[in-house]
Amino acid sequence: MPRITVARTSADATVAVDRIACDGRGLCAALLPERIGLDEWGYPVVDPRPLDRGTALEAVRICPVRALYLREEAAAPDARAKAASSGR
Amino acid sequence: MSVLTAPASTRVIDLVAESGLTGRGGGSFPVHRKLTAAVGRRPRLVVNACEGEPWSVKDRWIVENDPGPLLAGATALARAVGARRVLLAVHEGSPTHRAAERLDLDGHGIELLGAPGGYVASEASALVSFLDGGPAVPVTHRAPLAVGDRRHPAAVVQNAETVYRVGQLLDRGVDWFRRHGTPDEPGPRFFSLSGAVAGGPRVVEAGAGVGLAELVAAVGGYTEPVRAVLASGWSGSWLGWAEAGLVPWSDEGLRPLGAGVGNGIVHLLPASVCPLVAVGAQLDALARASAGQCGPCLFGLPAVADDWRRLTAGEPGVLDRLRRRLGLLPGRGGCHHPDGAARNAASALRVFADHLPTHAQGGGRSAGRPACPATRGV
Numbered sequence: 001m002p003r004i005t006v007a008r009t010s011a012d013a014t015v016a017v018d019r020i021a022c023d024g025r026g027l028c029a030a031l032l033p034e035r036i037g038l039d040e041w042g043y044p045v046v047d048p049r050p051l052d053r054g055t056a057l058e059a060v061r062i063c064p065v066r067a068l069y070l071r072e073e074a075a076a077p078d079a080r081a082k083a084a085s086s087g088r
Numbered sequence: 001m002s003v004l005t006a007p008a009s010t011r012v013i014d015l016v017a018e019s020g021l022t023g024r025g026g027g028s029f030p031v032h033r034k035l036t037a038a039v040g041r042r043p044r045l046v047v048n049a050c051e052g053e054p055w056s057v058k059d060r061w062i063v064e065n066d067p068g069p070l071l072a073g074a075t076a077l078a079r080a081v082g083a084r085r086v087l088l089a090v091h092e093g094s095p096t097h098r099a100a101e102r103l104d105l106d107g108h109g110i111e112l113l114g115a116p117g118g119y120v121a122s123e124a125s126a127l128v129s130f131l132d133g134g135p136a137v138p139v140t141h142r143a144p145l146a147v148g149d150r151r152h153p154a155a156v157v158q159n160a161e162t163v164y165r166v167g168q169l170l171d172r173g174v175d176w177f178r179r180h181g182t183p184d185e186p187g188p189r190f191f192s193l194s195g196a197v198a199g200g201p202r203v204v205e206a207g208a209g210v211g212l213a214e215l216v217a218a219v220g221g222y223t224e225p226v227r228a229v230l231a232s233g234w235s236g237s238w239l240g241w242a243e244a245g246l247v248p249w250s251d252e253g254l255r256p257l258g259a260g261v262g263n264g265i266v267h268l269l270p271a272s273v274c275p276l277v278a279v280g281a282q283l284d285a286l287a288r289a290s291a292g293q294c295g296p297c298l299f300g301l302p303a304v305a306d307d308w309r310r311l312t313a314g315e316p317g318v319l320d321r322l323r324r325r326l327g328l329l330p331g332r333g334g335c336h337h338p339d340g341a342a343r344n345a346a347s348a349l350r351v352f353a354d355h356l357p358t359h360a361q362g363g364g365r366s367a368g369r370p371a372c373p374a375t376r377g378v
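Protein sequences appear in the order of chains A and B. The first sequence maps to residues 1 to 88 in full-length UniProt numbering. The second sequence maps to residues 1 to 378 in full-length UniProt numbering.
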């Protein structure tokens, strides 16, 4: 079964928060005020609209607890290959 | 491929798909889809009989009174998905735990999983975390639990009643199953009636689309006048008594009123109980029950419970802040716990809108008892 690679055709991405890993440090909101605000206790409120991938990746890297991620990377290529090979 | 030559796993999953069975634990997810996702992954099958809410008694009823279809369903599902282990999850020390210990679980290849007490411990990913040696709190999983990841291998978590219904439909057939309920919400299901009924919480079996009057009649009628109905328990939605009596008790019938059947809890709030006190007690309990892992639960739920307490005490200027905070609960937690609390409170603000002014007339804390005519608390 050949390894499936995902062709990235879009320059956009959406960011999402691992709510359990997040502990409200707020660096994401400081870097991406156009997409991320903070509630009264410092936890992110995310605008789900897509944004420029490069900017999104910067925010993902800046989170000290790695709680921010790009939504389309949530399903890794090898998981998709495994599902495809199970015969369904 | 004909049904006769198809492998057993396909046959069972096909029958479950044909039946239209959806989850009975509150999520109402089509069961066959979860099973299909797990095939080939040697999943753990967890039959969730924890039933953390005190007003839900249906899963305990199954284990105590009719465990046959539960065990048969678990066995059939385990074979269908190629499960490496089968576990019956209960809260350690609970009545359901004691009843489960009287069953021949070993003979069916089922292990007993005694989860710690506490509402959030029985959340699906919390059970998987606990099963894998971690604490019984929800864990982040970007892939479905039935698919699994490096940290937690594939696990199919099904509510006990869901598995019980699988056992029944494999024995009696899809036609029998679909004779109950509605075409979109088929099959018999349990409702847990509590509040203004005799001897509640009590189990009633019916199909989706049943009328509230029929459910109440099945437990001998209501014991006192009812103000409102809570559908699906403390993470569900409130309905006014009049409107609740006019709709079929199905997701389709309840959706226009912002409610759903969920876990089958039907709680009849007596008119003599102050609804704000009743809701406040639930919000307090929901705040205490959280795993405390994410901002919305750690800070948002206690803040909402506090706002509700102030609203009940007649403090002015609380409502706008409460609404704003409720709006920031859904979809921002590590599980759906904050969503449920928001749903409960928001629906209460709608249904009890006429009751709010009776508390405002009482003024602030210094003004003494509010003018609320209801005579007692929960």
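Idealized CB from N, CA, C, for every residue including glycine. Computed from a predicted model, the values in this text were never measured in an experiment.
The C-beta of B/G118 comes no closer than 7 Å to any C-beta of chain A. For chain B, the residues of the stretch 7-32 of chain A that bring a beta carbon within less than 7 Å of one of its beta carbons are D18, R19, I20, A21, C22 and G24, in chain order. Here the alpha carbons of B/R60 and B/P296 stand approximately 31 Å from one another. Here the alpha carbons of B/A303 and B/H337 stand approximately 15 Å from one another. Scanning its chain for C-beta atoms nearer than 8 Å, with the 5 sequence neighbours on each side dropped, one finds around B/P188 the residues R165, Q168, F177, H180, G181, E205, A206 and G207, in chain order.
B/S194 sits in a strand when the DSSP states are folded into three classes. The secondary-structure analysis by DSSP pairs B/L301 with nothing; it has no beta-bridge partner. With a beta-carbon spacing of about 4 Å, B/V163 and B/G73 fall inside the 8 Å limit used to define contacts. Check the Cα spacing between A/R35 and each of A/A59, A/E72, A/V65 and A/A67: the tightest is with A/A59.
Bridge partners of B/N344 according to DSSP: none are assigned.
Those residues of the stretch 31-58 of chain A placed with their C-beta closer than 7 Å to a C-beta in chain B are D39, W41, Y43 and V45, ordered along the chain. Around the beta carbon of A/V65, fewer than 16 other beta carbons lie within 10 angstroms, which makes this residue exposed. Distances from the alpha-carbon of B/L322 to those of B/G340, B/A313, B/A346 and B/G334 put B/A346 closest. In this structure, the beta-carbon distance from B/V279 to B/A348 falls below 7 Å. The beta carbon of B/S129 sits closer than 8 Å to the beta carbons of P135, A136, V137, P138, V139 and H152 from its chain, once the five residues preceding and following it are set aside; these are given in chain order. For B/P225, there is no enclosing alpha helix (DSSP H), as DSSP marks it with neither H nor E. Using a C-beta cut-off of 8 Å, the stretch 209-221 of chain B makes no contact with the stretch 315-329 of chain B, since fewer than three inter-stretch Cβ pairs fall below that distance. The Cβ atoms of B/C50 and B/A89 sit closer than 7 Å to each other. B/T182 sits in coil when the DSSP states are folded into three classes, being neither helix nor strand.
Counting along the chain, the unbroken beta strand (DSSP E) around A/G37 starts and ends at I36 to L38. Chain A places a beta carbon closer than 7 Å to that of B/L328, counting this residue as a contact. DSSP places A/I20 outside any alpha helix (DSSP H), giving it a letter other than H or E. Contact check for B/H91 against B/A115 passes: the beta carbons are separated by less than 7 Å. For B/F299, the neighbours in chain A by C-beta distance under 7 Å run, in chain order, W41.
Per DSSP, reduced to three states, the secondary structure at B/N263 is coil, with no helix or strand assignment. Taking C-beta separations shorter than 8 Å and ignoring five residues to either side along the sequence, the partners of A/L70 in its chain run A13, T14, V15, A16, R53, A56, L57 and V60, following chain order. Taking the C-beta atoms as reference points, B/G25 is found no nearer than 7 Å to B/S122. Taking the beta carbon of B/Q282 as reference, no residue of chain A falls within 9 Å; the closest one sits roughly 22 Å away. If you draw a straight line from the Cα of B/G23 to the Cα of A/P44, it comes to about 32 Å. A direct Cα-to-Cα measurement between B/R324 and B/V266 gives close to 28 Å.
For B/I110, the closest of B/L15, B/R79, B/G199 and B/V147 by C-alpha to C-alpha distance is B/R79. Neighbours of B/P296 in chain A, taken as residues at a C-beta separation under 9 Å, are given in chain order as R19, D39, W41 and Y43. Judged by beta-carbon spacing, B/A160 lies within the 7 Å limit of B/V47, meaning their Cβ atoms are closer than that value. Within chain A, the residues placing a beta-carbon under 7 Å from that of B/Q293 are I20, ordered along the chain. In terms of beta-carbon proximity, B/T10 stays away from the interface with chain A, with every pair separated by 7 Å or more. Relative to the Cα of B/L301, the nearest Cα in the group B/L257, B/R85 and B/R288 belongs to B/R288.
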